[in-house]
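Trainee: One line per chain: the protein sequences are A, B and C, in this order. According to the UniProt record's numbering, the first sequence is numbered sequentially starting from 1. According to the UniProt record's numbering, the second sequence is numbered sequentially starting from 1. According to the UniProt record's numbering, the third sequence is numbered sequentially starting from 1. The C-beta atom is built at its ideal place from N, Cα and C for all residues, glycine as well. Let me begin by handing over the structure; questions about it come next.
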Amino acid sequence: MAFLNIENLTVNYGNIKALKGIDIEVEKNEIVTLIGSNGAGKTTTMNTIAGLKRSSGGRIMFDGEDITQMGTPQIVKKGLTLSPEGRQVFPKLSVFENIELGAYTRSKKERDEMLEVVYDLFPKLKERRSQSAGTLSGGEQQMLAVGRALMCKPKLLMLDEPSLGLAPLIVKEIFDLIVRINKLGTTILLVEQNARMALAISQRGYVLETGKIILKADADYLLNSEEVKNAYLGGV
Amino acid sequence: MFIQQLVNGLTIGSTYALVAIGFTLIFGVLELINFAHGSFYMVGAYFTLMLMLAMGGNFVLAFIISLALTGALGAMMDHFALRRIRERRATKDAALISTIGIATVIDHSVLEFFGSETKSFPAVLNLGKITVGNTIISYMQILIFAVAVILMGLLTFILYKTRIGKAMRAVSQNMDAAKLMGINVNFVISFTFLVASVLAAIAGTMVGMYYQAIEVTMGFAIGMKSFAAAVLGGISVLPGAMLGGLIIGVVEALGASISSGYRDAIAFAVLIIVLVFKPSGLLGKKHNNKV
Amino acid sequence: MKNKSKMLGLLISICLMLSVLAGCGPASEANNGQAGSDKGKSYKLAFFGPLSGDAMQYGVAIKNAVELEIRKVNDAGGINGVPVELKVFDDKNDPKESVNIANKIVSDPEILVAIGSFTSSCSLAAAPVFQKNQVPLFSPTASHPDFPFAGDYMFTLAMTQKLESKKFAEFVIEQFGPKKVATIYQNTDYGVTANDIFVNRIKELGGTVTGSEQFISGQTKDYSPLISNIKAQQPDIFYVIGSYSEAAQIIQQAKALDLKAQYIGNGQLIREDFLKLAGANGEGLVVMSSIPVFLSSALEHQKLSANTEAFVNDFKKAYQVEADGFSAMGYDSASLIVDAIQKAGADKKGIRDALAQTKNYAGVSGNLSFMDTREVERSLINYRVKDGTFIPYVRE
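Structure below.
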């Protein structure tokens, strides 16, 4: 069975069916991207896997365990975490305090260990560690969100729209960092509107449209497919 | 005479501060106005008195048990009443109304059980007083002030230097992100209510000891003023609760010495004037935004 | 959606059913009343007073006394063989509620007399309703001077403050001389009137009033700013006008602030609860009263008439607490009304006339005569607190 295995997942908001039975697989050490237009259900998918939203049907298996009914804190302890859409840093806490909270479930030793790793990956965060998170720029907050998520040594890290609202140069930096994190041994599930850059670093991809997976293929295939190009990659 | 009125005011103010501290904690962490806070204040005082009478005058033991009981009651209120509302992502109003309901239930239960008469609280600590010129200051007054300061310091320490305190602050800023940190948000919130209720019980017992009397309406009576004190100081800022309480107490005492009928009106007028110029309260931060 | 509207429908049906059932109550009572013209079946009286809320101790005590008398009458076969029925209402010490209850009472033509309420505010509020419908309203305790003048169907067993507070002032000047007096009083109808009349009479008789501080009942229990004001005036005498719990707080805080003066209070303070709350701070307090005291501690020093002693014992036996002055007045109210019904039958005007003519009735609360104004004239009975109990006042 795949490392992360989502089977026939349905999610409703009241009477609205946001996800109508989707299947996704992510193997260990892969980078997999989920693309789709606004309102397709990408964030719903991420939030449901992370336990922030309850599913209405289907199954989610992670590392051999059924996590469908688990609450978020438990899921995080199992090694699956999310860097959410819109960053969601703790604005009144300092950069350091934000990062420190990421290791809430870990021992002090593990925390100090991961702190080194995160500061190494994100030197800017180290620089600004006493600054209050609400005053950081968009790009810095994104790095903070990712760095914070790394602190619990996740086996699988999900990222929801990490490039949203960021300048192209910063976006490139972020994606380079994602590749580095993956090389350090973390499986990545990525959700992106900026399909081109995301697929460029991924092995495989899924296309989500109005709550259903309409296409599942290798990243190269998706990058070169006419259909996908026109719909999601903005033409040539 | 002015100094005596100042002392009177600081004492009254300290009692408001004691109540406002717990109130501010809940608002700070949950953005919830806990209408039941006054009821816990009253219940804490009643528990202490009744336990003390049942145990032949052992104040310390009665006090400790009362704190435990009241704290547990607060945590239970969150666990059984407020958690469901949170899980269904209902509006803040639903939680607020729920606290009003709980306040009513508690107040009326105590009324049924203990009756509406004022009950005398034995003088546990006969500390005496000192006279400085024309002014009399009792040691009990100093004690209340000191307790308010210590509790505020303790609470600040918990919030900023302990793991669960940091979790509380995280929850107050972004509940979902807090969950993603692996924080058991429901537990943290129940814990917050436990702490706030314990603070309320301490306040209730101290005030009962000072005035040597408790009655069912005491929570309601002090609730309004403490709420005003919390708002005046900056409603999610802890030192604000202390500052707001003292200011309202002093203004009230000086106002009463001028015109006792208008004593409350004068205190609230000051509150309104401050809010016109600084809507977030004296120590409140201008922005209360979340990312 | 479907589930929600089903729930709502069910809820509404239940509410409707309950309101129909509630409506059935009084309706069936009215049926009983009309079936077979039962003027001969019972004499109906009504009682209303604070049976819940902050004045409930007083209301309950008076109600118990009234019921005690009515039970006694019924046990002896009723009035001329006809039993007496008492309907009881709780006005929660809220004048608005008193008016509601008044309307309910007058809409039942069989209720001959109403006994109520406890406070002047509530009695004054209800008075116009009773006067308009010509149903006698008998308050055991309303002492506001305006009450008897709300109409000729109004009766009160309390000496109005006009008379009572005047007599208090006369007592103070007589016992202590024309000294400096300071007062602190509740801002209720009762408190304001009692203070004004007292203060004016003191000045008329040559005393000085250094200041009068007003407090709002229930607003706060910290009186220290007011007390500090008074302390600065250095009065010889400090008169506290408030409920027993307020007075206990005030006296305690005044002693804590070292206010040295002769402390005096009035009849509201004559109860065990006050002694308990005030503790050692009450020592030396002088209490002026126009109603008697039956605390067993005080009784040791008093001599009672036979029927008073019987009342005190019966009350204690029936309710396991000691009767107080207010319950005595409740008891007397009931007995006076019973007497009037005996003379006049089920005729409201007749009852009113019989009551108005009462002279030298030996009640358990003292010797009672109604003046032309349907106010009662009494003499003062004064006490001092010594060794934690009330003893008859003796000049020191």
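(1) How many whole angstroms separate the CB atoms of B/F23 and B/F268, which I take to be in contact at a CB cut-off of 8 Å?
(2) Measure from the C-beta of C/A311 to each C-beta in chain B and report whether the shortest distance is under 8 Å.
(3) Please classify B/I136: does DSSP put it in a helix, a strand, or coil?
(4) Using a 10 Å radius around the Cβ and a threshold of 16 neighbouring Cβ atoms, would you call B/A241 buried or exposed?
(5) Taking only beta-carbon positions, decide if A/K92 is within less than 8 Å of chain B.
(6) Of the choices C/N307, C/L86, C/C122, whose alpha-carbon is the least far from that of C/S143?
(7) The alpha helix (DSSP H) that contains A/T48, what's its start and end?
(8) Using three-state DSSP, classify C/K92 as helix, strand or coil.
(9) What are the boundary residues of the beta strand (DSSP E) that A/E7 is part of?
(10) Is there a Cβ from chain B that is less than 8 Å from the Cβ of C/F215?
(11) Restricting to Cα atoms, I'd like to know which of C/V84, C/N382, C/D258 is closest to B/S138.
(12) Can you give the Cα-Cα distance for A/T81 and B/L246, rounded to whole angstroms?
(13) Using only the alpha-carbon positions, how far apart do A/K172 and A/S137 sit?
(14) Using a Cβ-Cβ cut-off of less than 7 Å, list which residues of the stretch 177–197 of chain B approach chain A; keep chain order.
(15) Taking only the alpha-carbon atoms, compute the straight-line gap between A/M151 and A/K78 and give it to the nearest angstrom.
(16) Helix, strand or coil: how does DSSP classify C/F294 here?
(17) Are the stretch 236–243 of chain C and the stretch 261–279 of chain C touching, with three or more C-beta to C-beta distances below 8 Å?
(18) Compute the Euclidean distance between the alpha carbons of B/Q141 and B/Q173, then round it to the nearest angstrom.
(19) DSSP three-state call for A/G90: helix, strand or coil?
(20) Starting from A/G147 and walking both ways along the alpha helix (DSSP H), at which residues does that stretch end?
(21) Just the chain B side, please: which residues come within less than 9 Å of A/L82 by C-beta, in chain order?
(22) Alpha carbon to alpha carbon, how far is C/I351 from C/A127? Give it in angstroms, no decimals.
(23) Can you tell me which of the three DSSP states C/E213 falls into?
(24) What residues from chain A crowd round B/R169, counting only those whose CB sits closer than 8 Å?
(25) Using a Cβ-Cβ cut-off of 7 Å (strictly less than) and excluding sequence neighbours within five positions of B/V188, which residues of its own chain qualify?
(26) Starting from A/A217, follow its DSSP beta bridges and name the residues at the other end.
(27) Cutting at 7 Å between CB atoms, please list the residues of its own chain near B/F63, excluding the five before and the five after it.
(28) Contact check, B/S120 vs C/K348 under 8 Å by CB: the rounded distance?
(29) Let me know the secondary structure DSSP gives C/S224 once reduced to three states.
(30) Pick helix, strand or coil for B/S120, following the three-state DSSP scheme.
(31) Output, in chain order, the set of chain C residues within a Cβ distance shorter than 8 Å of B/E117.
(32) Relative to the C-alpha of A/F62, which residue among A/E85, A/T187, A/A149 is closest?
(33) In angstroms, rounded to a whole number, what distance separates the CA positions of B/I258 and C/Q214?
(34) Measuring only between beta-carbons, confirm whether B/G284 sits less than 8 Å from chain C.
(35) Measuring only between beta-carbons, confirm whether residue 296 of chain B sits less than 8 Å from chain C.
(36) Quick check: the Cα distance between B/V43 and C/D54, rounded to an integer number of angstroms?
Mentor: The short version:
(1) Translated into positions along the second sequence, residue 23 of chain B becomes position 23. Translated into positions along the second sequence, residue 268 of chain B becomes position 268. With a Cβ gap of about 17 Å, B/F23 and B/F268 do not count as contacting.
(2) Mapped onto the third sequence, residue 311 of chain C falls at position 311. The amino acid at residue 311 of chain C is misidentified as Ala; the sequence shows Phe. Under the Cβ distance rule, C/F311 does not count among the residues neighbouring chain B, no pair being separated by less than 8 Å.
(3) If you number the second sequence from 1, residue 136 of chain B lands on position 136. Of the three classes helix, strand and coil, the one that applies to B/I136 here is strand, per DSSP.
(4) Taking the second sequence and counting its residues from 1, one reaches residue 241 of chain B at position 241. B/A241 comes out buried.
(5) For the purposes of this step, residue 92 of chain A is taken as the residue at position 92 of the first sequence. At least one CB atom of chain B sits nearer than 8 Å to the CB of A/K92.
(6) Position 143 of the third sequence, counted from the first residue, corresponds to residue 143 of chain C. Comparing Cα positions, the closest option is C/C122.
(7) As a working mapping, residue 48 of chain A is identified with position 48 in the first sequence. A/T48: member of the alpha helix (DSSP H) spanning 42–49, first to last residue.
(8) Taking the first residue of the third sequence as position 1, residue 92 of chain C is located at position 92. DSSP places C/K92 outside both helix and strand once states are collapsed to three, so it counts as coil.
(9) Here residue 7 of chain A is taken as the residue at index 7 of the first sequence, counted from 1. Element bounds for A/E7: 4–13.
(10) Reading the third sequence from its first residue, position 215 is the one you call residue 215 of chain C. Answer yes: the Cβ-Cβ gap between C/F215 and chain B drops below 8 Å somewhere.
(11) The residue given as residue 138 of chain B occupies position 138 in the second sequence. In this structure, C/D258 is the residue among C/V84, C/N382, C/D258 with its C-alpha nearest to the C-alpha of B/S138.
(12) For the purposes of this step, residue 81 of chain A is taken as the residue at position 81 of the first sequence. For the purposes of this step, residue 246 of chain B is taken as the residue at position 246 of the second sequence. Using only the alpha carbons, I get a separation of about 46 Å.
(13) Residue 172 of chain A sits at position 172 when you count from the first residue of the first sequence. Residue 137 of chain A sits at position 137 when you count from the first residue of the first sequence. Taking the straight line joining both Cα atoms gives about 16 Å.
(14) For the stretch 177–197 of chain B, the beta-carbon criterion of a distance under 7 Å to any beta-carbon of chain A is satisfied by A177, K179, L180, M181, G182, I183, N184.
(15) The residue labelled residue 151 of chain A in the question sits at position 151 within the first sequence. The residue labelled residue 78 of chain A in the question sits at position 78 within the first sequence. When rounded, the separation of the alpha-carbon atoms in A/M151 and A/K78 is 14 Å.
(16) Here the question's residue 294 of chain C lines up with position 294 in the third sequence. For C/F294, the secondary structure class from DSSP, reduced to helix, strand or coil, is coil.
(17) Touching, yes, given that three or more Cβ pairs across the two stretches are closer than 8 Å.
(18) By one-based count along the second sequence, residue 141 of chain B stands at place 141. By one-based count along the second sequence, residue 173 of chain B stands at place 173. When rounded, the distance between both Cα atoms is 37 Å.
(19) To locate residue 90 of chain A, count along the first sequence from 1; it is residue 90. Rather than Gly, the amino acid found at residue 90 of chain A in this sequence is Phe. Of the three classes helix, strand and coil, the one that applies to A/F90 here is coil, per DSSP.
(20) Residue mapping note: residue 147 of chain A aligns to position 147 of the first sequence, counting from 1. 138–150 is the span of the alpha helix (DSSP H), which, as asked, contains A/G147.
(21) Numbered from its first residue, the first sequence carries residue 82 of chain A at position 82. Going along chain B in sequence order, the residues near A/L82 (Cβ under 9 Å) are L180.
(22) Sequence index remark: in the third sequence, residue 127 of chain C carries index 127 (1-based). Sequence index remark: in the third sequence, residue 351 of chain C carries index 351 (1-based). Their Cα atoms are separated by approximately 17 Å.
(23) In the third sequence, the residue the question calls residue 213 of chain C occupies position 213. Reduced to three states, the DSSP call for C/E213 is strand.
(24) Looking up residue 169 of chain B in the second sequence gives position 169. Neighbours of B/R169 in chain A, taken as residues whose beta carbon is under 8 Å from its own, are F90, K92, L93 in chain order.
(25) Translated into the one-based positions of the second sequence, residue 188 of chain B becomes position 188. The residues are I164, A167, M168, V171.
(26) For the purposes of this step, residue 217 of chain A is identified with residue 217 of the first sequence, where counting begins at 1. Bridge partners of A/A217: A/G205.
(27) The residue you call residue 63 of chain B lines up with position 63 of the second sequence. T48, T205.
(28) Here residue 120 of chain B refers to the residue found at position 120 of the second sequence. Here residue 348 of chain C refers to the residue found at position 348 of the third sequence. Between B/S120 and C/K348 the beta-carbon gap is near 46 Å, outside 8 Å, which marks them as no contact.
(29) Walking along the third sequence from the start, residue 224 of chain C turns up at place 224. DSSP places C/S224 in the helix class (H, G or I) of the three-state scheme.
(30) As a working note, residue 120 of chain B is residue 120 in the second sequence. B/S120 falls in the strand class under three-state DSSP.
(31) Taking the second sequence and counting its residues from 1, one reaches residue 117 of chain B at position 117. Ordered by position in chain C, the residues that pass the 8 Å Cβ test against B/E117 are Q57, S245, D273.
(32) Position 62 of the first sequence, counting from 1, holds the residue named residue 62 of chain A. Ranking the options by Cα distance to A/F62, first place goes to A/T187.
(33) The residue given as residue 258 of chain B occupies position 258 in the second sequence. The residue given as residue 214 of chain C occupies position 214 in the third sequence. If you take the alpha carbons of B/I258 and C/Q214, they lie about 11 Å apart.
(34) Within the second sequence, residue 284 of chain B is the residue found at index 284, counting from 1. At a cut-off of 8 Å between C-beta atoms, B/G284 does not count as an interface residue with respect to chain C.
(35) Examination of residue 296 of chain B is not possible in this model, given that chain B is present from 1 through 291 alone.
(36) As a first step, residue 43 of chain B must be located in the second sequence, where it is residue number 43. As a first step, residue 54 of chain C must be located in the third sequence, where it is residue number 54. Answer to the nearest angstrom: the Cα atoms are 18 Å apart.
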